Each structure stands twice: as C-alpha cells, then as structure tokens.
Amino acid sequence: MNWDVLFDFSPFGKESSEVLQAFWATVRLSVMTGVLSLVFGTVLVAMRVSPTPVLRRAGTVYVNIFRNTPLTLILVFTSLGLHDTLGISVSSGISANAYWLAVFGFTAYTSAFVCEALRAGINTVPIGQAEAARAIGLPFAQSLRLVILPQAFRASIAPLGSTLIAMIKNSTVVSVAGYIESAGQMKQMFDDYGATLPIFLGFAAAFMVLTLPAGLLTSYLAKRLAVVR
Amino acid sequence: MSTAAPVPAARRPAPKRRAAEPSVLFDAPGPRARRRNALLTVVGSLVILGILAAIVWRLADKDQFAGKLWSPFLKGSTWTKYILPGLGHTLSAALVAAVLALAFGILFGIGRMSDHAWLRVPSAVVIEFFRAIPLLLLMYFVFSGPATISDGLNREPPHVTEFMAVVVGLMLYNGSVLAEIFRAGIQSLPRGQSEAAYALGLRKNAVMRLILVPQAVTVMLPAIISQLVVLLKDTALGYIIGYTELLNYGFKQIPANYGNLLPAAIVIAVIYIGLNMTISAVATWLERRLRHSRKRAAGTVDTTATQLPGGAATGAD
Numbered sequence: 001m002n003w004d005v006l007f008d009f010s011p012f013g014k015e016s017s018e019v020l021q022a023f024w025a026t027v028r029l030s031v032m033t034g035v036l037s038l039v040f041g042t043v044l045v046a047m048r049v050s051p052t053p054v055l056r057r058a059g060t061v062y063v064n065i066f067r068n069t070p071l072t073l074i075l076v077f078t079s080l081g082l083h084d085t086l087g088i089s090v091s092s093g094i095s096a097n098a099y100w101l102a103v104f105g106f107t108a109y110t111s112a113f114v115c116e117a118l119r120a121g122i123n124t125v126p127i128g129q130a131e132a133a134r135a136i137g138l139p140f141a142q143s144l145r146l147v148i149l150p151q152a153f154r155a156s157i158a159p160l161g162s163t164l165i166a167m168i169k170n171s172t173v174v175s176v177a178g179y180i181e182s183a184g185q186m187k188q189m190f191d192d193y194g195a196t197l198p199i200f201l202g203f204a205a206a207f208m209v210l211t212l213p214a215g216l217l218t219s220y221l222a223k224r225l226a227v228v229r
Numbered sequence: 001m002s003t004a005a006p007v008p009a010a011r012r013p014a015p016k017r018r019a020a021e022p023s024v025l026f027d028a029p030g031p032r033a034r035r036r037n038a039l040l041t042v043v044g045s046l047v048i049l050g051i052l053a054a055i056v057w058r059l060a061d062k063d064q065f066a067g068k069l070w071s072p073f074l075k076g077s078t079w080t081k082y083i084l085p086g087l088g089h090t091l092s093a094a095l096v097a098a099v100l101a102l103a104f105g106i107l108f109g110i111g112r113m114s115d116h117a118w119l120r121v122p123s124a125v126v127i128e129f130f131r132a133i134p135l136l137l138l139m140y141f142v143f144s145g146p147a148t149i150s151d152g153l154n155r156e157p158p159h160v161t162e163f164m165a166v167v168v169g170l171m172l173y174n175g176s177v178l179a180e181i182f183r184a185g186i187q188s189l190p191r192g193q194s195e196a197a198y199a200l201g202l203r204k205n206a207v208m209r210l211i212l213v214p215q216a217v218t219v220m221l222p223a224i225i226s227q228l229v230v231l232l233k234d235t236a237l238g239y240i241i242g243y244t245e246l247l248n249y250g251f252k253q254i255p256a257n258y259g260n261l262l263p264a265a266i267v268i269a270v271i272y273i274g275l276n277m278t279i280s281a282v283a284t285w286l287e288r289r290l291r292h293s294r295k296r297a298a299g300t301v302d303t304t305a306t307q308l309p310g311g312a313a314t315g316a317d
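Top line first, the protein sequences correspond to chains X and B. Position 117 (the first sequence) corresponds to 117 in UniProt numbering; numbering is contiguous. Position 96 (the second sequence) corresponds to 96 in UniProt numbering; numbering is contiguous.
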C-alpha cells in the first residue's frame, strides 16, 4: 500500500517556486483580462443601449457570437489561427506573445459576459425613474449621472461578480493557447508525480482562495448597495 | 436574494418607430439629437466596416479565401467522416451529462434544504466545492486520478475513458450549479404554499413532492435550460483531455487532411453558435410562455440571482 497517493503533499514543497510562478501567471492573466474586459464590455454595452440602430445591432451580433462559442475554440483559434496561420504576433518573446494572444482571446470572450451583466443592471432601472428625472427638469447628462447610472451600477455588482468568478476559473482553459498557468502546472505535476489526490486538492484550494473571497465580497457589496424599491 | 427577473428592454412594449423609442437612457430625440444620432450612425458604421475590412484584407492576404480551403465543406464525405461524428460525440456527452447533472442537482439541492444537519452540511460542502473549482482541473483529475490512486492502494485500476472524464466532470460542476438553481426555485415560492400544505396535514415529503416541486419547476425551467447551454459549450473542454468531439475533429482532423484551419474553425464555430442559440431561443420562448400562463407564480429564477456567498457563476461561463 502506498498511502502517498492520498496524503502526500510534498510535491508542492519540491516544486514550490514553479507552483507559485504558475499561480502568479493565473493572477496576472486574470487581472489583465478583467481590466480589459471591463473596458471593452462597457464599450459594448454602450453600443447595445445606444440610440443608434447600427451600433445596437453590431453589439448584439458580437455578444451572440462570443457568448455562444466555446472558450476552448476561441483560445485554440488565437494560438493556431491568429498566430500560426495568419502570422499575427504581438511581441518577439515567445512567452510574452502567448500571454498577449491569450489575453486577447480571453478578453474577447469575457467582454460579452461583462456586457450582459452591465445590461442586466441597466434593465433593472424602471423607466419611471427616467421619466421622473425628466419631469423635474434634469437635462440628459444629469439624469444619467444622478439618477440612472448609479442605480444601474449597483444592480450590476452581483452579475459582474459572477462574471469575475467565472473568468478566474475559465483562465485555466488558457493552457491550450500555450501559456503556462495553474492548469498547465497541475497537468505537469500529474505527469511527474502521478495524478494524486493531494496535488488536485492543493490546486483546487488555491483556486478557492481566489474565487471564494471574490464571491463573498461582491455578494456583500451587492446586498449593501442594493437599491431598495 | 432577489429572484424577480428583470424585464429585458426588448420585451417592453415599445413604439414601432425605429431609433425614436424612448428608453430608460434616452428620451425621444429632438432635431439636435437626431442629427447627433445620424452622425453616430455614420461614424459607427465606418468604424465597424473598417474593422471588417481589415479582417477580410488580412485573410485575403494569407490566401484564406482560396477555393480549395473551402471546397471540402461542400463534399458529403467531410460531413459524414468528420463533422457529424464529432457533433454526435459532443451531443452524446452533453446529453448523458445533462441527465446525470439534473439527477445530481435534484439530489444535492434537496439534501441542502434538509432539516437534518448531517445531510445538509455535507451537501452544501459538495455543492460549494465543485462550484468553486475550475472544471478543467476537475476533468484532468477525473481522467487520471482514479488510475493513480487505485494503483497506490493496490487495487485493480479502473479504465476511465475520455468520454467518462468529460461526463463526470460536467455532471459534478453543472449538477452543483443546478442544485443551487433548484434551491433558489423552491425558496422563491411564497411561504404560504408550504404552510398551507402543512396545515392540511401533509408530511414533509408530500409537501415537497405535491406542492413545492411542481410549482418550482415552471419557475426555474429557463434557468435550467441556460445552464444546459453552458454544459453543451463546456463539452469543448473534452478537446483538451483528448475526447474526440466536434472541436477535436474541427481543429485536428479536418485541418490535418485539408490544411484549412481557419475555414474549419469558422464552420465549427457556426455550428456551436447555431446549437446554443437554438437552445437559448427555446428558453426565452418558455420563459415568456410561463410568465403569461402563470401570472401569480413567483416569477422566474434569474440565473444571476442564484449567486450565493462563495458562489460561482451560473450561466456566465
């Protein structure tokens, strides 16, 4: 009997620097994608709610395409399609290039969900709020800034939090795009030490360290800042 | 936790005039706003056309419109040899996983609502664990873990196929999300429903079976279907562990034979988008139907409303 497969956490000690590096890669990727997706998702939602039919339709088409395509397909496409076939590269360094291509594909996917989360927030604002703002004589900019967007942003916190957590977990899929992060590191350790329970639990726990606080924080904020109607 | 689904703007009765309907964000446009909107339309169209032109130019530059790259998709053999078998594997994994995930979700969802702590606490731990970890890590472990562990414990190693790893991974993750949807659905019902049932003398089991579940099912059906779209999309993770599903055929086998990676990727993406949009359309149709037929039901469970402390996303990945 070799009880190591159930209880031996020592591979983490032997590979501590690689594991930390892999997690740093996950965090780096998630933060960069989070920021870029928030920016691009806001642009998309501005398009989807704009008074211009062309922009509205373009935003809808984008969201429908990227929300319904598997992330795996998008990321394989960025590495095999964009890089190998079309010869698009962002940086001369191989790992920097893999990083930016992964960020690019991952952002393209996540932005669609950010857009939908923000739109869900805007949709919770009753039209009476806008009508009341106009009725008391607020001009367009003020009614947006003082009445509508504050309510919309608060209502978006919960769905944005869900998107954030999903994004952190989805970052593992980036290993198909040739960027070494936690999932790739776990696979490597499975190959080197065997697929033991402690290795799996260690990586699972590390992800929970990232996702659980994000979930707790956003649901606390969502409840705290909820608009009482 | 609010369970009332927001009414999407598209569903509000809006005047038919295009571009002129007032929304929560914009008033009906006057002359200056109309001029500004026209300018925005022109600028926006130019930017979008510019982006599309850049993509097309790049594709043409790399000769991606050559007929020989696209002609394989006009041949029946490409479909019967690669795409349809791949689609079959994707759909069979999704179907088996969906059935198992529903069973898992019902079991653990009800377990988490149990009055007995010995049942409630472990159910909650299982649900929260599988919702908080990435599905890919779970699939890796389900695929290679059993062999290593049974080897270490001197047992006969089980033979885990790629199909089993994909299905079990999808079942554990989506089942946990579905369990939370069930719980939210049952908790969204007015308390009076179960109180009245208890007052009639029904037992716990009968209250759940006869009163709560039938009402909750209609409330949560749209959320369940959106989760099934997530499940279908996540079968593509099978590509990473080597399950021969649609993406595997589309990205490995077709390009290996015809050297047409980009056209293959586009065709495969269109198939996925078509499948998922069809299922989503069914969900929207169902939601509207249920909303009309059960005016007094507690509304539908919003996929984003099932987020709980430490919650993973539903419908968001």
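Positions of the beta carbon are idealized from the N, C-alpha and C atoms, including for glycine. The model shown is predicted, which means the values in this text are computed figures rather than measured ones.
Thinking C-alpha only, which one of the options is nearest residue i?
i, options, result
"A132/B", "G215/X, R145/X, A25/X", "G215/X"
"G202/X", "T72/X, D8/X, G41/X", "D8/X"
"L237/B", "F190/X, M32/X, R48/X, V174/X", "V174/X"
"P51/X", "G50/B, V47/B, A38/B, L59/B", "A38/B"
"T69/X", "L232/B, G185/B, A124/B, K81/B", "L232/B"
"A132/X", "G121/X, L144/X, I122/X", "L144/X"
"L137/B", "A195/X, I94/X, R67/X", "A195/X"
"residue 238/X", "Y220/X, A204/X, R229/X, P213/X", "Outside the displayed range of chain X (1 to 229) lies residue 238/X, so it cannot be described from this structure."
"V177/B", "V142/B, R209/B, V125/B", "V125/B"
"L275/B", "T80/B, S188/B, L87/B, A60/B", "L87/B"
"D115/B", "P263/B, A33/B, L247/B, N205/B", "N205/B"
"A206/X", "D4/X, W3/X, V27/X", "V27/X"
"F130/B", "A97/B, Y173/B, V99/B", "Y173/B"
"R183/B", "V167/B, V219/B, V47/B", "V219/B"
"E29/X", "R57/X, V209/X, R134/X, T172/X", "Checking the sequence shown, residue 29/X turns out to be Leu, not Glu. Out of R57/X, V209/X, R134/X, T172/X, T172/X has the C-alpha closest to the C-alpha of L29/X."
"L38/X", "P159/X, V228/X, W3/X, A183/X", "P159/X"
"V61/X", "L200/B, V96/B, A264/B, V270/B", "V270/B"
"H89/B", "T41/B, R35/B, A103/B, F163/B", "F163/B"
"R32/B", "S95/X, F113/X, F140/X, A96/X", "F140/X"
"Q151/X", "I136/X, G121/X, M208/X, M1/X", "G121/X"
Between which two residues does the alpha helix (DSSP H) holding residue i run?
i, result
"M1/X", "Unbroken run through M1/X: none, as it is neither H nor E."
"Q185/X", "182 to 193"
"V43/X", "16 to 48"
"Y258/B", "254 to 258"
"W57/B", "31 to 61"
"I149/B", "135 to 152"
"I111/B", "This sequence places Gly at residue 111/B; Ile is not what is there. Run containing G111/B: 84 to 112, per the alpha helix (DSSP H) assignment."
"N64/X", "53 to 67"
"M171/B", "162 to 187"
"residue 237/X", "Since the first residue of chain X shown is 1 and the last is 229, residue 237/X is not available in this structure."
What residues in its chain sit with their C-beta under 6 angstroms from that of residue i, if we drop five residues either side in the sequence?
i, result
"T124/X", "A155"
"D151/B", "P157"
"G161/X", "T218"
"F147/B", "For the sequence presented, residue 147/B should be read as Ala rather than Phe. Result list for A147/B: P157, in chain order."
"L100/B", "M171"
Please work out which residues of its chain come closer than 7 angstroms, Cβ to Cβ, to residue i, disregarding the five sequence neighbours upstream and downstream, and give them in chain order.
i, result
"P222/B", "A283, L286, E287, T300"
"F190/X", "I199"
"Y193/X", "P11, I199"
"R296/B", "With a pLDDT of 49 at R296/B, under the threshold of 50, the modelled position of this residue cannot be trusted; read the value that follows with caution. Hits under 7 angstroms: none found."
"residue 376/B", "For chain B, the structure presents residues 1 to 317; residue 376/B sits outside this window and is missing."
"A165/B", "M139, V142, F143, I241"
"M113/B", "R183, I186"
"S17/X", "none"
Strictly under 8 angstroms for the Cβ-Cβ distance: is residue i near chain C by that measure?
i, result
"L261/B", "Looking for chain C here will not work: the only protein chains present are X and B."
Look at the Cβ atom of residue i, then the Cβ atom of residue j, and state whether they are nearer than 8 angstroms.
i, j, result
"F141/B", "S123/B", "no"
"F251/B", "V76/X", "yes"
"L6/X", "L197/X", "yes"
"V24/B", "Q129/X", "yes"
"I254/B", "N260/B", "yes"
"G105/B", "A179/B", "yes"
"A93/B", "E195/B", "no"
"L82/X", "I74/X", "no"
"L86/X", "G44/B", "no"
"A97/B", "V160/B", "no"
"T107/X", "F40/X", "yes"
"P134/B", "A183/X", "yes"
"G57/B", "P263/B", "One point to set straight first is that residue 57/B is Trp, not Gly, in the sequence displayed. No, these two residues do not count as a Cβ contact at 8 angstroms."
Counting only the same chain and skipping the five closest in sequence on each side, list residues whose C-beta sits under 8 angstroms from that of residue i.
i, result
"T211/X", "I165, I168, K169"
"R119/X", "V45, R48, V49"
"T78/X", "L101, A102, F104, G105, A177"
"K16/B", "With a pLDDT of 44 at K16/B, under the threshold of 50, the modelled position of that residue is not reliable, and the figure given next carries that caveat. So no residue of the chain qualifies."
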